[in-house]
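Peer 1:
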Amino acid sequence: MPRIIPWIWPATTAESNAEPALYFDYAATTPVDERVIARMIECLGKADTFGNPASSSHAFGQRAKALVEGARQQVAELVNARPEQIVWTSGATESNNLALKGVAQARGKPTGHIISSQLEHKAVLDTLGQLEGQGFSVTYLAPDQDGAITPQALCQALRADTFLVSLMLVNNELGTLTDIDAIGRIVREHDALFHVDAAQATGKVSIDLKRLDVDLMSFSAHKTYGPKGIGALYIGSRAEGKLQAQIHGGGHELGLRSGTLATHQIVGMGEAFAMAREHAESERERISALRERLLKSLAGLPITINGNRTNHIPNTLSLTPYYDFALGNELALSSTSACNSASNEPSHVLLALRLRPSEALRTIRLSLGRYSTEREVDRAAQLIRSALTIPVP
Ligand SMILES: *Cc1c(COP(=O)(O)O)cnc(C)c1O
């Protein structure tokens, strides 16, 4: 197995002896792995693979097409799907749009019921808001105390006209997991389609689409050490023919998503997902140990941990201190999800967990990843510890 190349973070300032910034925001995005970069570069410039993958009449196009199909295979393998079930998009945002609008609008008339949750990413919530404006009715399930969307909550919300359920596998702010196994069975019994946003899950939890009752699944490369601007949508057999395209043009990707395929991006995503498959287990163990170390060094501080502490992925930690505090910018983390950070409003996810707005606003999300080290964890804990220690007057 190829070794992961360790990463030395650049210093925050030009001063050579400044300590490098501490990156604790892997849930917002990850750096592109060196091995992925190398593969991407091979597809650029005058390499013999720069051709248009749709140019089937000459070798330049055929070579590019072969690379695209190889990557499709790599993405499919990570989630145990067939390559022809994977459609390239520009990221999980577009995948979510294609899945939700695609299924709703293919119905012909804007009626019927969709179930989702209050914990979803904005790429799902805002898309569903659009569909509500068009006449569809949407129920947003509330989480239980632990931040979980339960099968029971889903059962209570199902209606005769429910045709689509959309839930995320891993929550981007809490790191909590949804039981898509149990929920999928219920949705299938009801004969509705089940869409899962798995942007935060790849490489962190194993996904077996042959076994799961999931019809549509969204992926993103840049949360899994691939490049930004590329993603995919899995379309299972029950959803086949039930999606309306959202981007029209040359009829690429089974007519579902037109546009010249970005060979280098696609190859990057394929390689990143292949690496995720190779390293998933060892990475999970390593990051779990780092998380335990972090929790141990934060023990005794006036903080609450949000979300279920057993049913979670190890890399994400949402902490609410009991009072306001100031952290310097040496520690790169999110005050909420990256998308909410821009608006500076309390996170809708934390409000759904019934945190007060003031508590939500001082909550921090620490997320660990492939290049996190014990030393970084210790320094982060130290910074948080000193920020939260009230000086005795
Ligand atoms: C990051 C993220 C998205 C958006 O993915 P992009 O590829 O950046 O468009 C969607 N859903 C979840 C859960 C995410 O974490």
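In terms of our numbering, the sequence shown has 193 at position 193, counting the first letter as 1, and numbering is strictly consecutive. The beta-carbon is built from N, C-alpha and C at its ideal position, and this holds for glycine as well.
#1: Does ligand 1 have even one heavy atom less than 6 Å from the beta-carbon of M217?
#2: So A232 is in the beta strand (DSSP E); what residue range does that whole segment cover?
#3: Excluding sequence positions up to five away, which residues of its chain have a Cβ less than 7 Å from the Cβ of S16?
#4: Going by C-alpha distance, which of A99, P302, A157 is nearest M168?
#5: Compute the minimum distance between the beta carbon of G102 and the heavy atoms of ligand 1, and state whether it is under 6 Å.
#6: Please identify the residue among N97, T150, L368 whose C-alpha is closest to the C-alpha of A245.
#7: Note down, in chain order, each residue of its chain lying with its Cβ closer than 7 Å to the Cβ of L22, except the 5 sequence neighbours on either side.
#8: How far does the alpha helix (DSSP H) with F273 in it extend, from its first residue to its last?
#9: Is the beta carbon of D215 closer than 7 Å to that of L193?
#10: With respect to the alpha helix (DSSP H) encompassing I180, which residues constitute its N-terminal and C-terminal limits?
#11: For A153, which residues in the same chain have their Cβ closer than 6 Å to its Cβ, ignoring the five residues on either side in sequence?
#12: I'd like the span of the beta strand (DSSP E) that includes L366, first residue to last.
#13: Any heavy atom of ligand 1 closer than 6 Å to the CB of G270?
#14: In angstroms with no decimal places, state the Cα-to-Cα distance between V205 and N344.
#15: Since G203 contacts A276 with CB under 8 Å, what's their CB separation in whole angstroms?
#16: At a cut-off of 6 Å, would you count T93 as near ligand 1, judging by its Cβ distance to the nearest heavy atom?
#17: With a threshold of 6 Å (Cβ to nearest heavy atom), would N172 be considered close to ligand 1?
#18: Between the C-alpha atoms of S347 and Q134, what's the straight-line distance to the nearest angstrom?
#19: Is the beta carbon of I235 sitting closer than 7 Å to the one on M269?
#20: Assuming F194 is part of the alpha helix (DSSP H), what are its boundary residues?
#21: Output the boundary residues of the beta strand (DSSP E) element that contains F325.
#22: Assuming T89 and T263 make a contact with CB atoms under 8 Å, what is their CB distance in whole Å?
#23: Is L131 buried or exposed, if buried means 16 or more other CB atoms sit within 10 Å of its CB?
#24: Would you say I287 and N306 are within 7 Å of each other, going by their C-beta atoms?
#25: Give me whichever residues DSSP pairs with T89 in a beta bridge.
Peer 2: So, from the data block:
#1: Residue side-chain check: M217 keeps its Cβ at 6 Å or more from all non-hydrogen atoms of ligand 1.
#2: 231-235
#3: Low per-residue confidence applies at S16: pLDDT is 49, beneath 50, and the placement is therefore not dependable enough to give any value.
#4: A99
#5: no
#6: N97
#7: E330, L331, A332, E376, R379, A380
#8: Note, F273: alpha helix (DSSP H), 263-298.
#9: yes
#10: 180-189 is the extent of the alpha helix (DSSP H) around I180.
#11: L141
#12: 364-367
#13: no
#14: 30 Å
#15: 3 Å
#16: yes
#17: yes
#18: Cα to Cα, the separation comes out at about 26 Å.
#19: no
#20: Segment 193-197 is the beta strand (DSSP E) holding F194; no alpha helix (DSSP H) there.
#21: First-last for F325: undefined, no H or E at that position.
#22: Not quite, the Cβ-Cβ distance comes to about 15 Å (not below 8 Å), so this is no contact.
#23: buried
#24: The answer is no: Cβ separation not under 7 Å.
#25: G231
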